[in-house]
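This report concerns only the one structure given below.
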Amino acid sequence: MFLVSLLRRIAFSYYDYKAYNFNIEKTDFVVIHIPDQIGDAMAIFPVIRALELHKIKHLLIVTSTINLEVFNVGNAANLLI
């Protein structure tokens, strides 16, 4: 079992996300792409809130209509645009 786990880790390491350190204070425009899974859309809310705290000027969220209910708010005044 250990060998299978090790081989799987090596095989998938090519597709792992590599973090890039940058200064958020100098960032003006952020684009977030959310895949077609509704759980992915809900999981991104902490990132959106963190970006709002840093006063990002422009936040573009690209998603499909599958996630419409996640981002559909009753009062549009709550959104920072």
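Heads up, the final residue of the sequence shown is numbered 80 in numbering that gives the first Met the number 0, and it's a clean run with no missing numbers. Ideal Cβ placement from N, Cα and C applies to all residues, glycine included. Remember, it's a predicted structure, so these values are computed and weren't measured experimentally.
Element boundaries [alpha helix (DSSP H), containing residue i]
{"i": "Phe70", "result": "67-70"}
{"i": "Glu51", "result": "44-52"}
For residue i, the first and last residue of its enclosing beta strand (DSSP E)
{"i": "Phe28", "result": "28-32"}
{"i": "Ile60", "result": "57-61"}
Residue burial classification, residue i (beta-carbon count within 10 angstroms, cutoff 16)
{"i": "Asn20", "result": "exposed"}
{"i": "Asn66", "result": "buried"}
{"i": "Asp49", "result": "In the sequence on display, residue 49 carries Ala and not Asp. Answer is exposed; the Cβ neighbour count stays below 16."}
Contacting residues, own chain, Cβ-Cβ under 7 angstroms from residue i (five flanking each side not counted)
{"i": "Asp35", "result": "Ser63, Ile65"}
{"i": "Asp81", "result": "The question about residue 81 has no answer, for the chain in this structure spans 0 to 80."}
{"i": "Ile23", "result": "His53"}
**Message:** Does the structure place the region 54-62 close enough to the region 24-36 that three or more beta carbon pairs sit under 8 angstroms?
**Reply:** Enough Cβ pairs lie closer than 8 angstroms, so yes.
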